[in-house]
Amino acid sequence: MRRHAVWQSTGLRNALILLALWEIIGQLGLVAGGALPPPSDILIRLWQDRGDYPNHIGATLYASVMGFLIGNAVAIAAGVAFALSPALLRLFRGINIAAFALPPIAIAPILALTMSGMAPRITLAALGVYFVTMTATVIGLSQADSRAEDVVRAYGGSRWTVLRLVQFRGAVPSILAGLRIAAPNAVLGAILAEFGGGGRWGLGTYLLGSLGRGEPDRLWGIGLIATLIAGLSYAGFALLSRRLLGATKAVTLNTAVPTGGTASTCLSARVRMALATVLLPFALWWALIKLSGAPAMIAKTPGDVFEYLFLSQGAAAAQARLLAALAETLPITFIGMAAGLAFAFLLAILSRLMPRFIEAFMPVALITQTMPLVALTPLLVLILGRGPSLTLWITISVTFFPAFVTLAQGIALVPKSAEDLPRAYGASRWTEMRMVTIPASLPYLFAATRLTVPRALLGVMIAEWLATGRGLGNLLNQSRGYLDYGMIWSVAAVSVILSVVFYQLVVVAERQVLARLGMATPE
Amino acid sequence: ATSPLTMQAAWINDAEFAGYFLGMDQGYYTDAGLDLEYLSGGPDVIPESTIIAGRADLALTTPDTTIKAITEQGAPFKIIGAQYQKNPIGIVSLAKNPINEPKDLIGKTLAVPPVNVISVEAMLKMNGIDPSEVNIVPYAYDPTPLVRGEIDASLDFTTNVPFTISQAGEEATSFLLYDFGYTIYNDTVVVTEDVLAEKRDLLVAWLSASKKGWEENLADPTVWPPKFADTYFKGTGRSIENEVYFNTAQKPLMESPEGYFALTGDGIEACLSALGEVGIVGSADMFDTSLLAEA
Amino acid sequence: MRQPDGIALTGVSKTFTGRGKVVEALREVTLACPPGSFTSIIGPSGCGKSTVMRIALGLETADAGEVRVAGQRSLEAARQGITGVAFQDAALLPWRSVRRNVEVPLEVLGRTPRAEAAQVQAMIDLVGLKGYENSLPGELSGGMRQRVAIARALVTHPQVLFMDEPFGALDQILRRQMNVELQRIWADTGSTALLVTHGIDEAVFLSDRVVVMHANPGRIAGVIDVPFDRPRQPPLFSDPAFHKVCDRVAEALHGN
Amino acid sequence: MRQPDGIALTGVSKTFTGRGKVVEALREVTLACPPGSFTSIIGPSGCGKSTVMRIALGLETADAGEVRVAGQRSLEAARQGITGVAFQDAALLPWRSVRRNVEVPLEVLGRTPRAEAAQVQAMIDLVGLKGYENSLPGELSGGMRQRVAIARALVTHPQVLFMDEPFGALDQILRRQMNVELQRIWADTGSTALLVTHGIDEAVFLSDRVVVMHANPGRIAGVIDVPFDRPRQPPLFSDPAFHKVCDRVAEALHGN
Ligand SMILES: Nc1ncnc2c1ncn2[C@@H]1O[C@H](COP(=O)(O)OP(=O)(O)OP(=O)(O)O)[C@@H](O)[C@H]1O
Ligand SMILES: Nc1ncnc2c1ncn2[C@@H]1O[C@H](COP(=O)(O)OP(=O)(O)OP(=O)(O)O)[C@@H](O)[C@H]1O
Ligand SMILES: Cc1ncc(C[n+]2csc(CCO)c2C)c(N)n1
Ligand SMILES: [Mg+2]
Ligand SMILES: [Mg+2]
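This is the structure we're talking about:
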């Protein structure tokens, strides 16, 4: 009991130190020539603006809460279905990744045109949470202890009983990690949808109105309120997770090797499966367009995009522009991927080695997840310029968080008894991490990688759109203004296809490595 | 009985649309037989898309994107009026590092919304400047980089940003693209051909009610913005002084001997020729001036 | 009609292809346990005892041969609540208390643990864990965890009971006590029992027949019948006749 | 100066506050193992044997009392490679092959397993796992896994050796064999050994002293010295003098 209180106060102390540091930096104008306001200015401004906030907060809260609930309900149900049927998971891979990697600037306007009222906001918030929670559910369910599963199966338990008694409870910490990532995503999704929705109320709308006023303290105030909404939810799930974690950890490491599982079926079945996997996303795309009833000039089917890129009059020009943009975007994307992963891994390892430090850092991490980059970019540009370092920074901030939380959760789930061994030989914390903790959480490390890689492209595109004016991001934004929907859909399709390819590469590596180490693969 | 009509604005609620707010508050639209629904805009709202999707009957647009959409996408648009006779978009810079004319931009960093890049490049060419001599970067309507000197100038509404900059303790200077050859309208009133055919009388009614609103609003630009403080301007995050400045600054850009929303032969000609420089080849039949004549 | 055997394996073979090597874990294992009989399997480490059990339970598929539990396929028998099992590893659910772990088989079989609370408590008392009902597995010693697994195996009154070295982590006294209790429960329910153990004396004390296995390939090397009357009392452990049977088992175990 | 005790616990107490209940696992346990001595701990399940070991290893902190290993604090001794340990649970790393599991202590201590490949192989051979070097733990039987843990405990030639029921899952013959081998290695290295076991005969055969613990609260109930000469040979198991000592241990274990 007392240890807990002390722990909390240390976390609090570190957070206060951070805040004091920020105040000093802000007051002295040390960062970006004073473009970073000190917390006191932000608070004063918040107080002055207090009359404006209730309506805005109400609208954003409503959309993000609804999106959070709906998105997560779908995600958990889908995660369960995917865990039960790997074939289904493979079939839906393209769709899943599309939901995660599609640029919000591309979908927000289309949602606004095809839905009305709060629906576009709720949808974008739900899209923001779906993939992370689904991934967390699948990894959690797949890492269930096979020894306990054997007990249930030995009593004739059905697949469902195994799921209910063993897998689901075992997956709870993982799912809670997913919900923690989902919280800021839902808030950000709701805000981004406001940019394209033209409504009167919402923190995003407020941000837009304030954007042109060059008042960073207002922008930070809005960002902090959004962070607070996400942070409360994050903290709630983190607390719940901490309470449940101890009793979820296996007492001893499970050594059982997963059984071969899906025996490779005949060739024709595999070909059919592969074909379906590729075709399904396109079929769904086509169906959604047809169902939405959106006008053909705006809503392009896969066929339209094909025609635009290969058959139409301007096909050659369109292709050339697309390829030129890709050539600018891809190289930095790979670097961004590596940087995002490295940062996430570093944080996750530090969260074990220096938990207090990371606890104090969490609010900062949350700000990067909820503060729309439109508002942050002017500041970043002042600090980092408009070169590759800015692109990397933005890519890292768009990618690191889900990977970090997932990996940290995996690390936290390693049974204590596994670490007894190196400890008994006087291993340093780092040796312990290297020899036991990291290998034991390898399935989570791969899940984290799968969360990072498809998003790197999105990060680079956002940086291009907001700051560098190059590549795919710029092409997308320009095309929006020109109502060049053929190009918009082409960019969206290309970015999703590339993301799927990156993702698939990780899946292949994951399968090989985990199989060699005798671990269960979720994918 | 009134008939429903929906309009899509080009931006969030600010003085740019004060005439419409006034018209709604004063019941001018109702009097004209309209039940007007007003949709606010924003940076990610593309007004033309809204009318294509049938979400609105008319939209306020920038003519470059509208005419480009007609010529390149075959969009069935007609322009039936123009709120701004002179496009308020201009190059804004700090007085202490002034950019007073296009050639001052050489070697400087200019922030431009990606959609407007071709307009700026056209204006530069018209003034004998190679666009590659200007470092053009994206702009997202936040003047902070300009105030902090990270960029030398930005492309924005000259009716608005100079006020913001003065609030930040700097003095701004600006010039209109219009005054350097890029002679286009802005906030053009656009409808689809279908709507034009079906709701012609409603559109005429809208034009005449809107004219009335703008006349009254601009009679004294300082009077009306404060009246919207608790309605249309509530919670936008902007200040009433800002709107008053805006309202005052936009007056000369809207006025025309032919009245508000005028589409004159010369004006259309100037607009089309400027757009021609950008490679957007429009024609006079994209404009329908007949409604204004009735309004 | 004759009642089907409690457990019947016919010509079961199983080869594992592991990373390190290929192991012929079972070759042509045939074993029939008449209903109500008590059979022990004894054999060197790695000879395939656990594999026999896992195949009989339907957790592992044999490469060849047939398996019947109470005349049915393993999974069907399991689904009817006929079987009970204690694994070599306790395999408890870490988030469930001792009581809730013991209740698992009841839940799997769709019975209401609430209705059988008395039985659950009786099993917990039987294995000497009274007072630990609400403890989590992580708060128990190794031997205590194993005892929870025993209680869990017995809680359903199984007609066919499989136990894989259930007493390995218990001290002598507790082990003897558990032996006696197990015999009592087995006799009361008239169940067919298959016990894997390393204790020759334990095997002889409890069983009607002791099956001796040899390794490489795993196979049955001999079956020794144990003739003593039931119920058997602890003094039997020091009976010379008892020792003679034990010696015969040891002989079969160690050499031909 | 006198050499410090190999293992010294002084007045060690430990209470666990679990979800289910509060357990006084150890009360005032004092135990000194002279350097080069062999001590066994025997006691009922849950009496605190593993807790004694874990506290001695520094894996658990005592509420009161002092712990010294070779005169130093546990962690320091561990860091110098003085200690070796086999846990009650084999605690193998599932993703490492048998060989790589045996190498773990070497790696932790910063030694190069490559350089000690012969020693690693010797330990694997010793526990009878030749041929399984590349198998993953999941491909081994329960007893085989436990043997990997034994090999791992011995691979560093530890000066102070802790073993928690290392032979629980082994058959009798193998167990006897391992007893003899353990005695040999212990004598060769002159190490101090602390063995937790449930086998009275095993404890008496191997030890200089058998420590008998009682439960609730966990405490030392008696220490029985074992006077037999070294090296002891398997025939000792059937020596009447041996049985007498065993009986004394059993008495201390069960009685008052
Ligand atoms: N999943 C597996 N993959 C590969 N080999 C396996 C697997 N399971 C068991 N084996 C091998 O099969 C053989 C028999 O194993 P089993 O577990 O049945 O032995 P056991 O008789 O129960 O031994 P113990 O008394 O040590 O528990 C062993 O050699 C083991 O290495
Ligand atoms: N982490 C823990 N939390 C709560 N109680 C614990 C914990 N670890 C051990 N105990 C309790 O401490 C007591 C002693 O446990 P310990 O593991 O030392 O027993 P043991 O003598 O090794 O028994 P066994 O022979 O069964 O392994 C037990 O009653 C157990 O319930
Ligand atoms: C005060 C004010 N600021 C920005 C815009 C929007 N805007 C300015 S330029 C441009 C691109 C189209 O040419 C857009 C969307 C506005 N309407 N009013
Ligand atoms: Mg076994
Ligand atoms: Mg123990």
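Residue numbers (this note's numbering), protein chains in the order written: chain A, 17 to 539; chain B, 2 to 296; chain C, 16 to 271; chain D, 16 to 271.
Cβ atoms here follow ideal geometry from the backbone N, Cα and C, with glycine treated the same way.
- In this structure, DSSP gives T51 of chain B a helical state, which the three-state scheme calls helix.
- Those residues that have a beta carbon less than 7 Å away from any non-hydrogen atom of ligand 4 are, in order along the chain, C:K64, C:S65, C:Q103, C:D179, C:E180, C:V211, D:S156, D:G157, D:G158.
- Cβ-Cβ separation between T407 of chain A and T465 of chain A: approximately 20 Å, too far for a contact (criterion under 8 Å).
- For M228 of chain D, the uninterrupted beta strand (DSSP E) segment begins and ends at 224–229.
- Cα atoms of I86 of chain A and I191 of chain A: separation of roughly 15 Å, rounded to the nearest angstrom.
- Going by DSSP, D20 of chain C is part of no alpha helix (DSSP H) at all; its letter is neither H nor E.
- Shown here for S367 of chain A: same chain residues with a beta carbon closer than 7 Å to its own, the five before and five after excluded, namely I374, A424 in chain order.
- Here E39 of chain D carries a strand assignment [DSSP, helix/strand/coil].
- The alpha helix (DSSP H) runs of length 4 or more contained entirely in the segment 103–146 of chain B are, from start to end of the chain, 118–127.
- By the neighbour-count definition (other C-beta atoms within 10 Å, threshold 16), R286 of chain A is an exposed residue.
- Checking the 8 Å criterion, the Cβ of S60 of chain D is within range of a heavy atom belonging to ligand 2.
- Taking non-hydrogen atoms of ligand 1 into account, the C-beta of G153 of chain D is found less than 8 Å away from one of them.
- Taking a cut-off of 8 Å on C-beta distances, the segment 179–186 of chain D touches the segment 211–222 of chain D, as three or more cross pairs fall below it.
- In this structure, D:S28 is the residue among D:G205, D:V117, D:S28, D:A40 with its C-alpha nearest to the C-alpha of D78 of chain D.
- If you look at G80 of chain D, you'll find it in the beta strand (DSSP E) that goes 79–84.
- Of the heavy atoms belonging to ligand 2, none sits nearer than 8 Å to the Cβ of H269 of chain C.
- Within chain D, the residues R34, G35 have their CB atoms less than 8 Å from the CB of S112 of chain C, given in chain order.
- In the three-state scheme derived from DSSP, where H, G and I count as helix and E and B as strand, D254 of chain D is classed as coil.
- Under the Cβ distance rule, A236 of chain D does not count among the residues neighbouring chain C, no pair being separated by less than 9 Å.
- Taken in chain order, the members of the segment 143–167 of chain C whose beta-carbon sits within less than 9 Å of a beta-carbon on chain A are L151, P152, G153, L155, R160, A164, R167.
- No Cβ of chain A is located within less than 9 Å of the beta carbon of T127 of chain D.
- For M449 of chain A, no chain D residue has a Cβ inside 9 Å of its Cβ, as the nearest lies near 12 Å away.
- Bounds of any beta strand (DSSP E) do not take in L429 of chain A, whose DSSP letter is neither H nor E.
- Y29 of chain B is not a Cβ neighbour of M8 of chain B, given a cutoff of 9 Å.
- Boundaries of the beta strand (DSSP E) around I235 of chain D: 234–240.
- Here DSSP, grouped into helix, strand and coil, assigns L59 of chain A to helix.
- The beta carbons of G144 of chain A and A202 of chain A sit closer together than 9 Å.
- The contact set of Q103 of chain C on chain D, defined by CB atoms closer than 8 Å, consists of G157, A184 in chain order.
- In the three-state reduction of the DSSP assignment, D104 of chain D falls in the coil class.
- In the structure shown, the three-state DSSP call for N14 of chain B is coil.
- Assignment of I80 of chain B by DSSP, reduced to helix, strand and coil, places it in the strand class.
- Taking CB atoms only, G442 of chain A has a neighbour in chain D less than 9 Å away.
- According to the DSSP assignment, N161 of chain B belongs to no alpha helix (DSSP H), since it is labelled neither H nor E.
- For T54 of chain D, the uninterrupted beta strand (DSSP E) segment begins and ends at 53–57.
- Bridge pairing for L100 of chain A: absent [DSSP].
- In this structure, G225 of chain A and G82 of chain B do not form a Cβ contact; the two beta carbons are roughly 26 Å apart against a cut-off of 8 Å.
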